[in-house]
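Notes follow the structure.
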Amino acid sequence: MLVVIKKDYEEVSREAARIVAGAVRSNSQIVLGLATGSTPLGLYKELIALHRAGDLDFSQATSFNLDEYLGLPAFHPQSFHFFMKQNFFSHVNFPSGNVHIPDGTISRNYDEYCAQYEQSIKAHGGIDLQILGIGRNGHVGFNEPTSSLASRTRLKALSRETVEDNRHSFSNDSEVPKCAITMGIGTILDSRRVLLLASGRSKAAAVAKAIEGPITSSVSASALQMHADVTFIIDEDAAYSLTQRDYYRHVLEMTQIFTPERLS
Ligand code: PGA
Numbered sequence: 024m025l026v027v028i029k030k031d032y033e034e035v036s037r038e039a040a041r042i043v044a045g046a047v048r049s050n051s052q053i054v055l056g057l058a059t060g061s062t063p064l065g066l067y068k069e070l071i072a073l074h075r076a077g078d079l080d081f082s083q084a085t086s087f088n089l090d091e092y093l094g095l096p097a098f099h100p101q102s103f104h105f106f107m108k109q110n111f112f113s114h115v116n117f118p119s120g121n122v123h124i125p126d127g128t129i130s131r132n133y134d135e136y137c138a139q140y141e142q143s144i145k146a147h148g149g150i151d152l153q154i155l156g157i158g159r160n161g162h163v164g165f166n167e168p169t170s171s172l173a174s175r176t177r178l179k180a181l182s183r184e185t186v187e188d189n190r191h192s193f194s195n196d197s198e199v200p201k202c203a204i205t206m207g208i209g210t211i212l213d214s215r216r217v218l219l220l221a222s223g224r225s226k227a228a229a230v231a232k233a234i235e236g237p238i239t240s241s242v243s244a245s246a247l248q249m250h251a252d253v254t255f256i257i258d259e260d261a262a263y264s265l266t267q268r269d270y271y272r273h274v275l276e277m278t279q280i281f282t283p284e285r286l287s
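Below, the structure is given as structure tokens:
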């Protein structure tokens, strides 16, 4: 595990973009696992800027998004389909046929649909690079606390905390989604490389539990301790509750000297 501590959100976004852009350049047919939420917005802005500058080509890339709210059609402004289009896909040359986001409008055969999503990831050779944010309760994707660490894509009831976090985005309380379709923790752990981004003091407790706490289904992100190639890119505020900050800086320095390819 690598823990990269940056000064602020802008630096987190730039570092994440540097890594994602490097991965896309070295494998034009890359399969990206993408995330929504406020955290990856800066990353998407940086990637769009690189694309506009002629430095980044997505024409052969494929993507799978982590999750989607159940009940929201793609045109709903709070849907993750809408978010991805608005904040990323409409600004870059990602072929729309290569974009996969769970369909929030299905109303039956959930297990079958989710198994197909898993099958589609497999058919594309698996996810090369998975981007993650983290919830205040330690969730990744919508794998709420007590999610099985072996879980696959499935329908998941959202926790009260997540519903509260989302409430401000909806004008009408009855519209706030209570369920989502999400990749599972097992799905995420199958990706070849994971980048988790976090910014702000509100994430400090979850980040510390994920990195330094026991592996527990009570903190889904702690499962990443079992992944062989995971990088946390976090700002000083999100790193606030970590007890081993000096050690992480030392590891990073040594990585820069001995295995710089791990940082590219
Ligand atoms: P945020 O959400 O990036 O909007 O903080 C992260 C998450 O809940 O996974």
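According to my numbering, the residues represented by the sequence shown are 24 to 287, in order. All C-beta atoms in this analysis are idealised placements derived from N, C-alpha and C, irrespective of residue type, glycine included.
Neighbourhood of residue i by C-beta distance below 6 Å, restricted to the same chain and skipping five residues each side
| i | result |
| --- | --- |
| Ser86 | Leu55, Leu57 and Val122 |
| Phe81 | Val115, Asn116 and Phe117 |
| Leu265 | Ala231 |
| Tyr67 | Asn110 and Phe111 |
Cβ distance (whole Å) where residue i is taken to contact residue j below 8 Å
| i | j | result |
| --- | --- | --- |
| Gly164 | Leu212 | No, Gly164 and Leu212 are not in contact; Cβ-Cβ is about 11 Å, not under 8 Å. |
| Leu172 | Val217 | Contact flag wrong, Cβ pair sits at about 14 Å. |
| Arg159 | Glu184 | 6 Å |
Residue i versus residue j - alpha carbon distance
| i | j | result |
| --- | --- | --- |
| Arg224 | Phe281 | 32 Å |
| Val47 | Thr205 | 24 Å |
| Met277 | Gln267 | 16 Å |
| His104 | Ala44 | 22 Å |
| Tyr271 | Phe111 | 32 Å |
| Ile256 | Gly120 | 30 Å |
| Gly77 | Phe98 | 30 Å |
| Ala39 | Ser130 | 36 Å |
| Thr62 | Gln52 | 25 Å |
| Leu286 | Pro96 | 38 Å |
| Pro283 | Ser113 | 33 Å |
| Asp196 | Arg190 | 7 Å |
| Ser214 | Leu152 | 6 Å |
| Glu187 | Leu155 | 20 Å |
| Thr254 | Lys201 | 30 Å |
Proximal residues to residue i (C-beta, below 7 Å), its chain only, five neighbours per side dropped
| i | result |
| --- | --- |
| Ile157 | Val163, Leu219, Ala221, Lys226, Ala229, Val230, Ala233 and Ala244 |
| Ser192 | Gln101 |
Own chain partners of residue i with C-beta closer than 8 Å, once the 5 adjacent residues on each side are dropped
| i | result |
| --- | --- |
| Ser174 | Asn166, Gly207, Ile208, Gly209 and Thr210 |
| Ser170 | His162, Lys179, Gly207, Ile208, Ser240 and Ser243 |
query = Within the structure, which residues are defined as neighbours of the ligand SAM by a Cβ-heavy atom distance below 5 Å, reported in chain order?
reply = With respect to the ligand SAM, the structure offers nothing, as its ligand set consists of the ligand PGA.
inquiry  = Is it the case that the segment 117-135 contacts the segment 89-105, given that we only count it when at least three CB pairs across the two stretches are under 8 Å?
reply    = yes
query = Three or more beta-carbon pairs under 8 Å between the segment 34-52 and the segment 255-270, yes or no?
reply = The answer is yes - the segment 255-270 touches the segment 34-52, with three or more Cβ pairs under 8 Å.
task = Mind the definition here: the segment 105-114 touches the segment 134-154 only if three or more C-beta pairs lie below 8 Å; say whether that holds.
result = no
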